Each structure stands twice: as structure tokens, then as C-alpha cells.
Amino acid sequence: MRTTRSTRTLAAAATLALGSSLLTATTPAEAATMYYGQVTSKTLTVRTAPSLRAAKDGYFGKEQIMLVCKVRGESVRGNDIWYKVPIQGVGFVSARYVRNVGKAPRWCTGNRVPVKALVNIPVRKAPLTAAAQVRTVRKGSTITAVCAVPSQQKNGPQWYYLGDGRWISSKYLRQNMPTSPCI
């Protein structure tokens, strides 16, 4: 196993991840479920968002890893599923290079906050302005943000994960309560 920030904090983060899932899970069985995957490539890069353009945040070798939940993001060789992994901070790995060991992870959840568009806002395939646009949320429309990931830019806006598996920047959205991290 390669020693990186990701792997050094895995054990401590696993405990934190399980505790966090207890707060948002819909059933006790879901809260207690642990998900695992086997890395199928020699090295798997951990990224700060579900995109190949997101900053690198460590690596896993060809080993079994813990998976927290899954989201849709940038497609990697035909697979747009990304797994959140329990590291210090936010970490995602492409499902293209992970074989599930047992049951596949659940979809990431959060506190589902209604947000209102202050201008026309593009909805994207991944949490990056460079990601492909799939539609536009019109000014004045209210949508539901499921959860959030940090911006890839220093002091940039958060990105909200929508219920349909797409992403929208929080820069021009109004909300009455904070959106929780994707857990």
C-alpha cells in the first residue's frame, strides 16, 4: 500500500464516515452498511470532486478500499459514477477503476435544501465550469440541492448535487439554510 495522505487517514476517517452516515441514513440498516471496493488499476487517483480535472488528493494502490457513497460526475471511459472515499477532507475516485466487493454503495445524500436561481444558471455533468452543460435552470426557478462539494477554485462557490445526478454552482443561488456536504 502506498503511503499517502489518503491512506494514512483512512482508518480515522472510516470511523467519522460511519458516524456521519448515521445522521443522514434513512434506516438503521443503511446506516450500519459498510461498502468496499477493489482497486483494479495499479494506481487510483483520489480527487477533490468527481472529475478528472479536479485537484489530486492522494492515491490508492491495487488494494481494497472503503466506499462511502456514489454520485454522478465526469464520465471516465463510459462510466460516470464516482465513489466518495473516507479521507480527511473530500475525496472521490472513479468507479471505472473499482470493482464492488459485495453490495454497491448507496447514492450520496444530504439535507435536501430548496434553492432559488437569481439568474439563468447552467446545470453541468460534473462540478466544474469546464464540464458539459446539460440544461439551464431559469431565473426565479426553485430547485432542490441534495448536497454540496467544495469549489475547485480558491474561495470559489460550492457545487450542489441535484437529485437527477447533475451539478450546479451555488454562486447565483439563494437559500434559506446551508446545504450539507455529500455523505
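Those letters in the sequence shown? Residues -31 to -1, 1 to 152, by mature numbering (1 follows the signal peptide of the UniProt record, and there is no 0).
Glycine included, C-beta positions come from ideal geometry on N, C-alpha and C.
These numbers were taken from a predicted model, which means no experiment stands behind them.
Exercise. Would you mind sorting Val59 into buried or exposed? The rule is 16 or more other CB atoms within 10 Å of its CB.
Key: buried
Quiz item: Just the Cα atoms here: how many angstroms apart are Thr(-8) and Lys108?
Solution: Any reading at Thr(-8) needs caution, since the residue's pLDDT is 39, under 50, leaving its predicted position unreliable; the model's value is listed next. Thr(-8) and Lys108: Cα-Cα distance of roughly 30 angstroms.
Quiz item: Which two residues bound the contiguous beta strand (DSSP E) that contains Pro150?
Solution: First-last for Pro150: undefined, no H or E at that position.
Self-check item: Buried versus exposed call for Lys123 [16 or more other C-beta atoms within 10 Å across all chains shown]
Solution: exposed
Quiz prompt | Run of the beta strand (DSSP E) containing Lys53, from where it starts to where it stops | solution = 48 to 53
Quiz item: Within this structure, are the beta carbons of Val15 and Tyr28 separated by less than 8 angstroms?
Solution: yes
Quiz prompt | Selected residue, minimal CA-CA separation from Val62, among Thr113, Gln7, Ser139 | solution = Gln7
Exercise. Please report how far the alpha carbon of Lys88 lies from the alpha carbon of Leu142, in whole angstroms.
Key: The residue asked about is misnamed: residue 88 is Val in this sequence, not Lys. One C-alpha to the other measures close to 8 angstroms.
Quiz item: Relative to the alpha-carbon of Ala117, which residue among Ala99, Pro83, Gln102 has its alpha-carbon at the smallest distance?
Solution: Pro83
Practice problem: Since I believe Arg65 is in contact with Arg46 (beta carbons under 8 angstroms), could you give me their beta-carbon distance rounded to a whole number of angstroms? | Solution: 5 angstroms
Quiz item: Alpha carbon to alpha carbon, how far is Met146 from Asn80?
Solution: 10 angstroms
Quiz prompt | Candidates Thr113, Gln121, Ile152: closest to Pro96 by CA position | solution = Gln121
Practice problem: Apply the 10 Å Cβ neighbour rule to Ala125 and answer buried if 16 or more other Cβ atoms are within range, or exposed otherwise. | Solution: First, the amino acid is wrong: residue 125 is Gly here, not Ala. Exposed: under 16 other Cβ atoms inside 10 Å.
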